[in-house]
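Engineer: What follows is a single structure, and I will ask about it in a moment.
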Amino acid sequence: MSEIIFRTQGITKVYDTGEVKVYALAGVDLELYKGELTVLLGPSGSGKSTLLNILGGLDHATDGQVWFEDTELTDMSDRDLTRYRRDHVGFVFQFYNLVPSLTARENVQLVTDVAPNPMPAAEALDLVGLGKRMDHFPSEMSGGEQQRVAIARAIAKRPQILLCDEPTGALDSTTGVQVLEVLRDINERFGTTTVVITHNAEIQRMAHRVLFFQDGKISETRVNRDRLAPSEIVW
Amino acid sequence: MQAIDRKLLRDFKRLWIQAIAIALVLACGVAILLTSVGMYTALSETRAAYYERNRFADVFVHTTRAPLSLVPEIAQIDGVLSVEARIAGDAILDLPDRIKPAVGRILSYPEDTAPVLNVPLLVEGRFPNPVHTDEVVVNAPFAAENGFRPGDSFSANLKGQKRELTIVGTALSPEFVYTIGPGALMPDNSSFGIIWMSERAAAAAFDMTGAFNEISVAIASGMSPEPVIDALDDLLKPFGGLGAYDRTTHQSDAFLDAEISQLRGMAAILPPIFFGISGFLVSMVMGRIIALERSEIGLLKAIGYSNTEICLHYLMLAGLIAIVGVLLGWGAGTVLARSTAAQYAQFFNFPFVIFRVSYWVYAAAGLAGLATTSLGAAQSALKAARLAPAIAMQPPAPPRFKRSFVDEAMAHLKLSQPTIMILRSLLRWPIRSAMTSLGLALAVSSVIASIFINDALDEIVDLAFYQTNRQDAMLLFSDDIPETALEDVRNLPGVLQAESQQYHTAILHHGHLSKRVAIEARPPDTDLSRVLDADGKPLIVPPGGIVLSVRLARQLDVESGDVLEAEFLSGRRETYALSVTGLVEQHLGLGAYMDLEFMNTLFRQIPQLSVANVTLDDHQMDALHRAIKDLPKLSGIIEMNDNRRAFQDTVEQNVVVMNTMYIVIAVLITVGVTYNAARIQLSERARELASLRILGFGRGEVSYILVGEMMLIAVIAQPVGWLIGAWIAQAMTNAFTSDLYAIPLVLKPATFTVGSLVVLCAAFASAMVVRRRLDRLDLIAVMKTRE
Ligand SMILES: Nc1ncnc2c1ncn2[C@@H]1O[C@H](COP(=O)(O)OP(=O)(O)O)[C@@H](O)[C@H]1O
Ligand SMILES: [Mg+2]
């Protein structure tokens, strides 16, 4: 396959809550390839979000190394991590995390205001099929629409990587499928490396590759020879 | 506009009531800072410029009569730059269209040159021509008050000689910025005027040819006046020198100075309180906003906003509040400064008005406002900046409630669940509850510290006018006259009762302490002017004794029974040892009292008097007024009712303004604190309260939790507010105490009640306004939203 965009070596993450130490990640080695759509599958608490946060530069690993292309993220300062996120990463979260006091367009502008080479906010919203609802506030939109705004916001900067933490977790099946379709569309159209976290086993079938998570480790890797279109997935 | 700035404006719009509530408190601070610092600089600069331009002297002395040949000698004193000698005397004036007599202070005006010191500034007309001895210049306020123009004339009783004087000009003088007649408590320009006449005319009128009785000197800048004062006293001793004094004792300058230091005190004490409260409110509100916007902060970080940008974003929210507050404060301050300036214009006679607040004061007040809100927001903004993005995305851990002995106690008391919720919340945020309570306590104290003055003034007036000085009028004589003249006074039309009194200037010495005072001597059995002890019983001063007012005694560090030395500056200028036989509480002046007969014996003189205290028949006032205008040797008359009314009117007018201002301030503080605290309560507990509603609690019960907690905090604030209020009142009475007057500390239960009522009502109203939001609480929406 193509070039490696992410590589990790033995990363661990330990939360020291005082009484007990929680090993959220217990030595993860992985490689992610450019243009690939990867699904991280695993039970709740298995460390998926922790890994995604480290890849996205939101968090530091306790130990181990992470490379983004040729740069090592592990030792970066907060300032450099901010730069890295600003320039390369798009995030989508389970609870959309829109700013309630900003309209759809303005939520996207939050990103285009600071990214180096963004697309117009309107274009990003068009891509997720919300071109007509740009001036609505989050409270005036359904969950699925809000999540699509969040995706528009994530892709508006033309990121190299799109990290999605349970993007359908708060949605019903129909709206979830719409969101997944947008994700696949972006992945195919722009070749954006996409990582989707889910604990919903059905969703794995749209991925190029599936990483199974168990107790802070990757327990299994599977390559899908026949990918399903999101519209063929039901849950 | 950037999206993040749009978020800022929308957040501000959503919070606007809270923001305004804070901004109003901040505005108070800015306005008072602006007024006090602005007026302080305006007043001190105006004074400095005026004194400089018109060469206000540094040391002053009065004598009975000294030869002009002494002037060169005085000029030789080390450190003396220039000397101005003149003739001065008081006279009863008979003004056309005015039945009551007025008093004029007559000052000689040099013939060939202008005065070198205390130069009068001509407002209108010209100075008197020495050839025409009837020409005079009067001070402009006196002319204005009586409708005089150059060319008008009035008559004066100059040592028993009635003279017609023609006004040729009006003037102002740095000596009379605050112009107050003999024995008066408040300036009254209609009944007291300054009259400049040519030296020749003044010398003839007061029998002072070749002599002078007042001298002013200017000394080298930076030099202490003490050596000059001592040298002057030595030189003038043989000529009845009444003791030289510097500007601090100069009546007009002392009043100006008291006002200036009051402004300085105001600038130092009040604004920090307002800034502190608004800083606290900002920090409370920002803390809540940041708790609510945790996930938004996390998101901003995730998409690449830097810590600095996020910190600035929240600081700017506080900055907007500050801008509103500062703008309001500038507006209110400008109005307040203007009304203060108008008040000064009424009291102080300056030739030019520099009562304009400088731009730097606006800038400084604005910066102070901005700084305090930024400081208040800093902690929260930094917390936002420091929030790790991964953590920010997770919902916050629920606050940890721990069981404590308080819970055991509450369990024993069998309190209702809502009451337990109130108490637990208070204890959960002890610092916040305490600060909220403190804010309300300060509001209570502001009311108390302002309205206690009403009772204090009542006591001053009661003691001064109804207890101790029961005469209707005091007739002042230019020289001491034989006591037999009291018979003549009794024979004046309308005089019912007349009693004699004598004044002697003396320096009281005790150890290394000394004080120049006017000693009042009176017969032991007076009925009108009395000295009262603590129980309100008349105090008799035995021969050989002296009774002092408590404040004077404190200044001299003497107690009842101590012996002090009295160095008399009048009569034979002898020094006697006197034993302090009693102390009296007194609010106006620094009184010292002796027995009149004993005084006459000491001075080895036939019985004499300086003042006749009289009671009058109201129906014969006009006849009396006509008669005394021609009374020889009469130099002034003090009508006690006028004096009291002038005092009450002016002071009460100011007190009403002050009370209103402080009550408004207290209400603003209360609303600012309570409204914000209740909004935060509501926001933190929306889920909890909605759950209770879903469980079947009624609106009343749920409101009780919200309003109950606010009112509990307000009630706890009361005793603290009483204490702080009493303490501030005490500090104010100390700060306002001068040789001129003292404000007694009168704290009545009603004062505390009013303070508490104002704050409790305002707090309740604010809490009820927030409570209305409970009715609009969308139960389902609240339960659905993820915090
Ligand atoms: N801030 C934290 N403090 C302590 N423990 C944490 C924290 N964040 C996550 N964990 C723990 O780390 C483990 C992995 O969490 P996470 O990566 O969120 O799992 P997943 O996303 O797979 O559900 C869990 O046991 C979780 O409780
Ligand atoms: Mg997770």
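Chains A and B, in that order, are what the protein sequence lines are.
Every position in the first sequence, counted from 1, becomes a number in my numbering once 3 is added.
Every position in the second sequence, counted from 1, becomes a number in my numbering once 133 is added.
For each residue, glycine too, the CB sits at the ideal point set by N, CA and C.
#1: Do we get a CB-CB distance below 8 Å when we pair residue 85 of chain A with the residues of chain B?
#2: Taking DSSP's pairing of strands, which residues face residue 379 of chain B in a bridge?
#3: Taking the runs of the alpha helix (DSSP H) that are 4 residues or longer, which of them lie wholly in the stretch 467-534 of chain B?
#4: Any beta carbon from chain A within less than 8 Å of residue 523 of chain B's own beta carbon?
#5: Hey, residue 193 of chain B and residue 349 of chain B are a contact pair by Cβ (cut 8 Å); roughly how many whole angstroms apart?
#6: Just the C-alpha distance for residue 802 of chain B and residue 492 of chain B, rounded to the nearest angstrom, thanks.
#7: Put residue 362 of chain B into one of helix, strand or coil per three-state DSSP.
#8: Determine the direct distance from the alpha carbon of residue 571 of chain B to that of residue 691 of chain B, and round the result to whole angstroms.
#9: Return the Cβ separation of residue 741 of chain B and residue 616 of chain B in integer angstroms, given the expectation that the two are a contact with Cβ distance under 8 Å.
#10: Determine, for residue 198 of chain A, whether the minimum Cβ-Cβ distance to residues of chain C falls below 8 Å.
#11: For residue 221 of chain B, which of helix, strand or coil comes out of DSSP?
#12: Tell me the rounded alpha-carbon separation between residue 387 of chain B and residue 873 of chain B.
#13: Relative to the C-alpha of residue 249 of chain B, which residue among B:804, B:721, B:613, B:188 is closest?
#14: Taking contact to mean at least 3 C-beta pairs separated by less than 8 Å, is the stretch 222-237 of chain B in contact with the stretch 758-768 of chain B?
#15: DSSP puts residue 205 of chain A in a beta bridge; with which residues?
#16: What distance in whole Å lies between the Cβ atoms of residue 220 of chain B and residue 368 of chain B, which are believed to be in contact at a cut-off of 8 Å?
#17: How about residue 56 of chain A: is its C-beta nearer than 8 Å to some C-beta of chain B?
#18: Heavy atom of ligand 1 less than 7 Å from the Cβ of residue 428 of chain B, yes or no?
#19: Give me the chain A residues within the contact set of residue 516 of chain B, using Cβ-Cβ distance strictly less than 8 Å, ordered along the chain.
#20: Closer than 5 Å between the C-beta and any heavy atom of ligand 1: which residues qualify, listed along the chain?
#21: Is the stretch 384-402 of chain B in contact with the stretch 304-312 of chain B, if contact means three or more CB pairs nearer than 8 Å?
#22: Pull up the DSSP beta-bridge partners for residue 165 of chain A, would you.
#23: When you compare only the Cα positions, how much space is there between residue 108 of chain A and residue 550 of chain B?
#24: Give a yes or no on whether the minimum CB-CB distance between residue 19 of chain A and chain B is below 8 Å.
#25: Could you name the residues of chain B that residue 207 of chain A contacts, counting a contact when the two beta carbons are closer than 7 Å?
#26: Closer than 8 Å is the cut-off here; do at least three beta carbon pairs connect the stretch 141-161 of chain B with the stretch 269-281 of chain B?
#27: Just the chain B side, please: which residues come within less than 8 Å of residue 59 of chain A by C-beta, in chain order?
#28: I'd like the list of long-range same chain contacts for residue 328 of chain B, defined as Cβ closer than 6 Å, with 5 residues on each side in sequence excluded.
#29: Taking 8 Å as the threshold (beta carbon to beta carbon), is residue 905 of chain B in contact with chain A?
#30: If you scan the stretch 562-648 of chain B from start to end, which runs of the beta strand (DSSP E) of 3 or more residues do you find wholly inside it?
#31: Closest to residue 771 of chain B by C-alpha separation, out of B:200, B:656, B:320, B:792, would be which residue?
#32: Return the CA-CA distance between residue 602 of chain B and residue 574 of chain B, expressed in angstroms with no decimal places.
#33: Any C-beta of chain A sitting closer than 8 Å to the C-beta of residue 137 of chain B?
#34: Out of A:211, A:84, A:21, A:80, state which residue places its alpha-carbon closest to the alpha-carbon of residue 225 of chain A.
#35: Residue 50 of chain A and residue 216 of chain A look like a contact to me (Cβ under 8 Å); what is the Cβ gap, rounded to whole Å?
#36: Let me check understanding here. Comparing Cα to Cα, which of B:151, B:569, B:638, B:437 lies closest to residue 375 of chain B?
Structural biologist: In this structure, then:
#1: yes
#2: B:192
#3: 492-519, 522-525
#4: yes
#5: 5 Å
#6: 27 Å
#7: helix
#8: 41 Å
#9: 6 Å
#10: Here the protein chains are A and B, and chain C is not one of them.
#11: strand
#12: 9 Å
#13: B:188
#14: yes
#15: Residue 205 of chain A pairs with nothing; no bridge assigned.
#16: The Cβ separation is near 18 Å, so there is no contact.
#17: yes
#18: no
#19: Ordered by position in chain A, no residue passes the 8 Å Cβ test against residue 516 of chain B, which lies about 15 Å from the chain.
#20: A:18, A:25, A:27, A:47, A:48, A:49, A:50, A:51, A:52, A:53
#21: yes
#22: A:93, A:197
#23: 46 Å
#24: no
#25: Going along chain B, no residue has its Cβ under 7 Å from residue 207 of chain A, so there is no contact; the nearest lies around 24 Å.
#26: no
#27: 435
#28: 237, 239, 269, 271
#29: no
#30: 606-615, 628-643
#31: B:320
#32: 40 Å
#33: yes
#34: A:211
#35: 6 Å
#36: B:638
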